[in-house]
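Single-structure report; data block below.
Residue numbers (our numbering): 387 to 515.
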């Protein structure tokens with residue numbers, strides 16, 4: 387499921403222009419500024435849902451965070467990704483919808499003066515994988 391969402395983001399010209407292929411799990415993000423702007427993600431659940439067919443249907447909560455040294459770039463990354471993913475369907479993704487958003491800032495990883503600006507959003511994803 388996440389592979390399909392990531393591929394859709396990279397296939398989008400606006401998202402690709404902003405982050406390239408810098409779409410990482412939260413745990414893989416390094417503190418290097420050369421990796422910004424980026425889009426981070428984390429899958430927060432895989433609830434198995436009952437169905438009346440042979441297919442297995444799951445509902446997952448996916449949190450994504452657009453992160454940049456610039457508030458406006460962070461917002462642009464969020465907006466581009468939200469356009470692609472809100473309402474997305476694919477091979478394994480049955481439904482994907484944006485359910486919440488949040489804006490914030492993170493203190494510098496390296497003790498420097500540059501703050502990191504974030505736009506986080508949560509997606510509810512129904513999928514068969």
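We put the CB at the ideal spot given by N, CA and C, even for glycine.
Predicted model, so just to flag it, every value in this text is computed and none were measured.
In the structure shown, the three-state DSSP call for residue 400 is helix.
Using a Cβ distance threshold of 8 angstroms, residue 395 and residue 467 count as a contacting pair. Excluding sequence positions up to five before and after residue 480, its CB lies within less than 8 angstroms of the CB of 443, 512, 513, 514, all in the same chain and listed in chain order. Assignment of residue 392 by DSSP, reduced to helix, strand and coil, places it in the helix class. If you draw a straight line from the Cα of residue 492 to the Cα of residue 478, it is about 34 angstroms long. According to DSSP, residue 508 shares a beta bridge with 449, 486. Distance from the Cα of residue 453 is smallest, within the candidate group 406, 505, 413, for 505. Distance from the CA of residue 390 to the CA of residue 476, rounded to the nearest whole angstrom, comes to 7 angstroms. Following the DSSP letters along the chain, one finds residue 457 inside the alpha helix (DSSP H) bounded by residues 457–471. A Cβ-Cβ contact shorter than 8 angstroms links residue 410 with residue 424. Nearest to residue 393 by alpha-carbon distance, out of 508, 487, 457, 471, is 471. Of the other Cβ atoms in all chains shown, 16 or more fall within 10 Å of the Cβ of residue 401; this residue is therefore buried. In the displayed model, residue 474 falls within coil according to three-state DSSP, outside both helix and strand.
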